[in-house]
Structures are given as structure tokens and as C-alpha cells.
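Numbering (our numbering), first residue to last: 272 to 376.
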């Protein structure tokens with residue numbers, strides 16, 4: 272899925288959302304608004320209340336897309352992931368996540 276994400280985001284940026292994302296209002300009443308742009312989609316097209324386009328835009332800005340408090344301080348520019356919210360480790364950032372066994376060593 273990760274290898275196709277870039278192509279999908281390109282198509283979404285051009286407004287090429289599939290019908291399953293924004294069905295006819297008569298067909299689907301369970302649409303949820305994106306917390307950033309306010310556009311309404313089915314839950315399949317939202318992750319943590321953000322549409323894929325807004326999530327990608329925030330990552331492009333170098334910020335955590337899920338928590339404003341994280342901002343850019345805990346955002347890994349190498350993998351474009353939040354170290355806190357997405358429990359990401361990055362050797363280049365010199366920040367590694369571990370468990371109790373890692374602490375003991």
C-alpha cells in the first residue's frame with residue numbers, strides 16, 4: 272500500500288476522488304467532515320478525522336498531522352512520520368523507541 276500512496280495522493284490532489292469517498296447524498300447519510308478542510312467523506316477516506324489530502328499536506332509541511340501539540344519538534348523529516356503519535360524510530364534523528372528490555376541494556 273505504501274508504494275501506491277504517492278500515486279493515490281496525486282490523483283486526489285487533482286480532485287479525482289472515487290465515488291465511494293463522496294457518494295450521492297441520497298445514497299449515503301454517514302459522511303464525516305475532515306477536521307482540517309471540512310469536506311465530508313465516508314469514514315473509509317478519513318484517518319484520525321483527516322482526509323488523505325490534508326494529512327499529506329501537513330506531512331509535506333513537516334508537521335504531525337494528528338496532534339497540533341507535536342508540531343514539527345517530534346516529526347521525522349526522513350520518513351515524514353510523527354515520533355510520538357505514530358511511535359516511529361529514526362536512527363538519523365537519533366531517537367529510538369524501545370521497551371523495558373532496551374532500557375535495561
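Where a beta carbon is used, it is the ideal one built from N, C-alpha and C, also for glycine.
Within 10 angstroms of the beta-carbon of residue 365 lie fewer than 16 other beta-carbons, which makes it exposed. Following the DSSP letters along the chain, one finds residue 326 inside the alpha helix (DSSP H) bounded by residues 323 to 331. Nearest neighbour of residue 350 by Cα position, chosen from 361, 341, 340 and 342, turns out to be 361.
Residue state for residue 368 is assigned as coil, using DSSP reduced to three classes. Assigned with DSSP and collapsed to three states, residue 275 falls in helix. At the C-beta level, residue 292 and residue 313 come within 8 Å of one another. The C-beta separation of residue 325 from residue 308 comes to about 5 Å, placing the pair in contact by the 8 Å criterion. Beta-bridge annotation (DSSP): residue 361 is paired with 366.
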